[in-house]
Every structure is written in C-alpha cells, then in structure tokens.
Amino acid sequence: IQERTGYTMKPAYQHWWPKDTENPYTEAKPFDWIRAYHVGGRSLLWGRQSYRLGDLDFQANAKEGIAVDWPIRYADIAPWYDYVETFAGISGQNEGLSQLPDGKFLPPMEYNCLEIDVKKRIEAKLGIKMIMGRTAHLTEPKGNRGICQSRNRCMRGCPYGAYFSSNASTLPAAEATGNLTIRPYSIVTEIILDETKEKAKGVRIYDSETKETKEYYAKVIFMCASTLGTAQIMLNSTSDRFPEGFGNESGELGHNLMDHHFRLGASGKSDDHKDSYFSGRRPTGIYIPRFQNIDAKSKRPYLRGFGYQGGGGRDGWRSYVAEDGYGKGFKDAVSQAGDWTFGMTAFGECLPYHENKVSLNKELRDIYGLPTLIMDAEWKENEKLMRKDMTANAAEMLEAAGLKDVNTFDSGCNPGLGIHEMGTARMGKDPKTSVLNKWNQVHAAKNVFVTDGSFMTSAACVNPSLTYMAFTARAANYAVEELKKGNL
Amino acid sequence: MDRREALKATSLFLGYTLTAGSAAALIGGCKAETSRDWTPKTFSVEQSDLLAEICETIFPKTDTPGAKDALCHRYIDELITNFYDADNQKYFLEALGVFDEKSKAKYSKAFVALNTNEREEILGILAKEAKDYKDDTGKKPHIFKAIREATVSGYFTSEVGANGGLCAFVPVPGPYQGCIDYSTVGKAYVLS
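Chains V and A supply the protein sequences, listed in that same order. The first sequence stops at residue 488 when you use my numbering, and every number in between is there. The second sequence stops at residue 192 when you use my numbering, and every number in between is there.
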C-alpha cells in the first residue's frame, strides 16, 4: 500500500513507511493510507506547499447548506497564520487575491524563462493568475536553520533544516524550553476518561520495544496523531460515558472523511529558450489559485473548485531513455539539454459527506493488538464533474500559453492518495453535530484538543498543513490561557 | 508528500513509453554492484560479457566514460534479477541470442568478435526491428529497446556515469536561479 503513490519506496527513504503487514486496514472501498510513524512523522515527508484558507472556504458550507458551518471565520485565524508562517518560514509572494489570502512570507523562489512566458500569456489572454508556489523552505537563514540548497533530497530529512519539519523547527524550540520529553516507540492506545470530571485523565500507551502498557497523566492533552490515527485512538477510547468513542456524542467521529483529488492536468513543450537554462532543483513550482466559483462570472456546474501546481523544466537524459539511437552520436545527443516542457496537475476540493467514513474493526488487529480501521469513502458526483474541468482548463491554459504538443492526463486516484486526510472529528458550533468546538476542544471533554486534520469542517482545495499549524498554535495559546484561569 | 517525486514518477510513465521493468528499476533505485569479485546473478558469464559489449556499443567510451566503465551490464543483471518475473527473465535470456544470430548470419562471427563498425551495423538492424516491433502484452519488449533503456538508465544512475562529465553533475546547486545562459552549463544536468 505504501507504494501506491509510485514514489515512496525508494532506497533513500523507504525506511520511513510502516510495514503494511504489521499495520493492516480494511478497504470497504479503495483507500490509500500513506503513513509515517517515526519521530517527526510526516513533517519530514510532506509536500511543503503552504497556503491559507480564506473566507471563501470558511463560509462555503454555510452558504451552500453543506454539512455544518465552520465555527470560525478568517479573521479569527489570520493572526495565527501570521504566527506560524513567521515561525516556520514560508517563501512566497503577496498577490492581493481574495480567494487566497496574503501572508508573512520570506522572498519567493524565482520563475524560470518558460514559466515567465506562460504566466504572461495566461494572465493576458485568460485573466487567470499564476503565482510562485508558497513553500515552507527558507530563502533567508532563520536561527540555526540554513537556506535551501535546491538539492531535492528533502524526503531524506534536510541536513540544513531548510524546510519546516518538527525535527528542524518545533522540536528544537520545545527542547530549548527545558520542558521537553520525547517518548518514542509509544503507541497511544486510548484516552483515559475521568468520569467524574468531564475531562480526560491521560493516555494509555503500548511500548513497541518493551511490550509494556503504561499510563501517562496530564492536565491537557493534544491529539495530533494524523487524522486517521486520531480517529482510531478516539474510536478505541470507549467508556460508559462515551460508548461510541471518545467525545462522540454527535455520532460524527470518524465521519466526513475528506482528501484532495488530483493526478490530472496537462503538459506541453516549447521550442523557445534553447539558449537558457536554470540552476538548481527548486523545491516548489508555480501555483494557479482557484479561479472557479469565486464570483458570479466564474460560476461552474459544481460546488467549490481546484488549483494547479506545476512548473517548467528542461528535458535531460531521462527523455532519451526511450529514444532510438546508439553509438557516439547518440551519446553526444544525450549529453545536451532537451526541450523545455511545462506541466501542471490539479488539486480539487472534496465535499464533506457524512457517509464517507472510517470505523473500527475489532476483528482485525495490528501487531500491537489494536483494532484497525475500515475505510469507506469515495469521490461523488461533485468531484467527478469537477475533474472534467480540471483537465480541460489545463489544456486551454497551455494552449493559450503557446505551448506545443499539449496533452491532458487523468491517472485517477483513490481517496487517501492526496495524503490530505481530513474531517473525522470536525469542528462546529453545535455539539449535536460536531466533535470539536471552535477552540479545537472536544465538546464534552474540554481538556482534550484535536489539532490535526481531523478538525477540518471542509477541505478547501489548497494544501492543508499550514492550516493545521495555525489552528494548533491558536489552540495551544488558548489552552495556556485557560489553564492560567483555572478553567482546565 | 513530495509531489515533485510524484510528478516525476508519473511523467516517466506518461511522457515516454518505457518498458515496465526499466521504469520500475529507475524508480526502485536499481544499482549495479561494484565489487571486484562480482559474478552475474541471472546471466551466464558469457551472456554477461556479450551484454557488456552491446552496452558499450550503445554508449561507447569517448572523452567520457563508456557503458563498460559504468558497469551497465551489471545494472542490467540486477534489473533482470529484481524487476523481471521468471517468465520475463526467460524471455530476456532467449531474446539475447538474437545478437549472435544476426552477427553470425552477416559476418560468420559471434557479436563479441566483431569490430566497432560491425557491431554498430548489427545494432542498426536490430534498432530498425525494434522500431517496427509491436509488444501487445506490454511485458515482452524488443530486446534492443530493453537493453538500450537500461544502458542509459544504468549509466546515469551509476557514480562513474553520473560524475563522469557527460552531463553536469551538481549535487548541491545552492539557491535556485530561474534563468541563466545555457552556455554557462553547456550540457544537461544529471539530476532532476
């Protein structure tokens, strides 16, 4: 399963992913669950694209009568986006777009020659904005962290700490407080409820090295076990008070599972700029922010929308692997850079559907003896309809940009493959229809905060990690205030 | 996760029609063994020697290393051993016979006994065949196509090939520059 991405099982980083046989799950419908269980988790392996959600996203559910309303608006979270962008170091540029809020950015990465052409042409001919991808890579030094050297060795873990990861950024900051204890090899099996106080007492863990079970107690507990990991732990934390899983009075725990659908777009090539090249393997590309359903003019026959990630480059020896030829002439040809090419792939929003869910399977246990998950989620009509535009619009843009041999592709994808699992413990205003309140607190146990992707009430179409970070910082700050007031 | 890797993996399949084995080997990090006392795993020593000469004819030593220096034949042995199933291994070994068949028919000599011009002549015949060859199953590529793909892949994924000067090997480029004169590099990059 961990190789369903087509890029995870390379010798340089295949050790990061867990063994499927030891960590099984059940696919009621196809679902690709790509996981990482080491210290630092997927922060070492993420795509690092960093975008804010805006009010277009926070208001969408309410305006369209989909699922439940977000309990907050952009103004509530904007200062926390400022905070985490400044802390993590995000390179990018402010563009003044209503659908994609500006932020506190380090200098952006450079466009290459072909991208400059494509940007000019699609903005002039189609009025569609292209921006430089905002990415969690340092373009200026920050503390002990150095700037990105464009090596493209990111998934091995960066020796310069040039991209944001827990290991390079938050864990050293936590260590500096003198209050950090890391306990690896600890698998949280459940949250322990203090039945008398409407609170959690602590967590029970299983030590994968010693095979011991231990309990740890705390005033405040933050659940950040990655969306489905958190759902699994909470569903497994049952008590007389919560027979259906921790804090699950609404019946929404495990439901409303979302991901982004992608792996479709277009590519083309250019005969220009043969005398130009670039230097370095840039850790980001261009981004085309959502341009559908943002105003009356851009109305489409489906809800929400999609953005594109892509970029220009120049063919190298890989493009010759399948070419005819042999001998000295062939070898000489291979030594030269080939055509400039440009490609882009769309990432689309998925609506929150109650019936897209995970549930607990007590019949199938993992090697730690824990109940596993059953995945039951699928793309529905809205996503399928959107996908037609996602390829067609890509081709229109590349043709408007004057590229040749424009081809579209749609490789399809199961839910999960976007590795943006979201929504299984959503926030909301009403405890009857949501698991968390507007501070990421479990409605019925206020000292438990859930700040990974589970809290997402809707998915938007942008990469979600920056949003998890902003909500986590906001919730942590709130927890401290509440502790000081004696409310927790 | 690293979407750039995903794009690369997909474009590899989308843009070019690679045979299944060589695409998997490229993504899977197939690597030739460099030890002095190496012996082939799937090929006989004779087959391996033949393969080394075929690879060298495809990518000859010039002022930069050739396929033999880069141990492309060892890469192919590794590829066939690890990324082909038993059926396709059998197919590959049988198909390899065509090089000697053609050279015996034309020059009454084994391929390894031919001079460079003669070897290129034989590759020319097979290249033409490969071009017209239809592989309906997608699993039995023309032998010359399979070897040529693996030679190029094996060359650039080896240290000797990557760092041998044919293309520009820049492990630590420094901050990205979007537009520079091609002449300042003068050749394609090895790493993407």
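A virtual CB, placed ideally from N, CA and C, is assigned to each residue, including glycine.
Between the CA atoms of residue j and residue i - distance to the nearest angstrom
i, j, result
"V/R4", "A/L114", "46 Å"
"V/N407", "A/S108", "48 Å"
"V/I182", "V/L171", "9 Å"
"V/P159", "V/W46", "16 Å"
"V/Y302", "V/I205", "45 Å"
"V/S411", "V/L264", "6 Å"
"V/Q336", "A/E33", "28 Å"
"A/T10", "V/G6", "Only weak support is given to the placement of A/T10: the predicted model assigns it a pLDDT of 44, under 50, and the value that follows is read from those uncertain coordinates. About 8 Å."
"V/F471", "V/G423", "14 Å"
"A/K41", "V/T391", "45 Å"
"V/K299", "V/G305", "10 Å"
"V/A75", "A/S153", "52 Å"
"A/L79", "A/H73", "10 Å"
8 Å CB neighbourhood of residue i in its chain, flanking five on each side removed
i, result
"V/K129", "E95, L97, E123, I288, P289, F291"
"A/K187", "L166, C167, A168"
"V/G146", "L138, Y160, G161, A162"
"V/Y13", "L45, M155, R156"
CB of residue i within 9 Å of CB of residue j, strictly
i, j, result
"V/S169", "V/R281", "no"
"A/A130", "A/H142", "yes"
"V/L193", "V/L228", "no"
"V/M344", "V/I294", "no"
"V/K438", "V/K429", "yes"
"A/V97", "V/E110", "A small correction: the amino acid at residue 97 of chain A is Gly; Val does not occupy that position in the sequence shown. Cβ distance not < 9 Å, so A/G97 and V/E110 don't count as in contact."
"V/G327", "A/R148", "no"
"V/E209", "V/D240", "no"
"A/F92", "A/I54", "no"
"V/N248", "V/L360", "no"
"V/S43", "V/N167", "yes"
Per DSSP, the bridge partner or partners of residue i
i, result
"V/G312", "V/F342"
"V/D207", "V/S186"
"V/N407", "V/S267"
"V/F222", "V/F449"
"V/M495", "Outside the modelled stretch of chain V, which goes from 1 to 488, sits residue 495 of chain V, for which no answer is possible."
"V/Y277", "A/I180"
"V/V442", "V/L436, V/A445"
"V/M375", "V/E27, V/V358"
"V/T472", "Bridge partners of V/T472: none, in fact."
"V/Y163", "V/H137"
"V/I192", "V/G202"
"V/T170", "DSSP, once it has assigned bridges, lists no residue as partnering V/T170."
Minimum Cβ-Cβ distance from residue i to chain A less than 9 Å
i, result
"V/Q149", "yes"
"V/I116", "yes"
"V/M427", "no"
"V/P11", "yes"
"V/M109", "yes"
"V/T112", "Sequence inspection shows Asn at residue 112 of chain V; the Thr mentioned does not correspond to that position. For V/N112, the answer is yes, since a Cβ of chain A falls inside 9 Å of its Cβ."
"V/T391", "no"
"V/V68", "no"
"V/N23", "no"
Chain V within 9 Å of residue i, Cβ atoms only
i, result
"A/Y16", "Note that A/Y16 has pLDDT 47, beneath the 50 cutoff, so the model's placement of it is unreliable and the number below is only indicative. Output row for A/Y16: interface = yes."
"A/T184", "yes"
"A/D85", "no"
"A/K131", "yes"
"A/E46", "no"
"A/V190", "yes"
"A/C72", "no"
"A/Y75", "no"
"A/Q177", "yes"
"A/E118", "no"
"A/L26", "yes"
"A/F92", "no"
6 Å CB neighbourhood of residue i in its chain, flanking five on each side removed
i, result
"A/K68", "A52, E56"
"V/K432", "S250"
"A/G15", "Residue placement at A/G15 is poorly supported in this model, since its pLDDT is 44, which falls under 50; the coordinates are not used for a value here."
"V/I90", "S50, F105, R134, A136"
"V/I1", "D20"
"A/L7", "Low per-residue confidence applies at A/L7: pLDDT is 49, beneath 50, and the placement is therefore not dependable enough to give any value."
"V/V448", "A200, I221, V442"
Check: residue i C-beta below 8 Å from any heavy atom of the ligand HEM
i, result
"V/P107", "Ligands displayed in this structure: none; no statement on the ligand HEM is therefore possible."
Contact set for residue i: own chain, Cβ-Cβ below 7 Å, skip 5 residues either direction
i, result
"V/V450", "M223, T230, A425, L436, N440, V442"
"V/Q99", "G54, L56, P289, R290, I294"
"V/M397", "I122, L126, I128"
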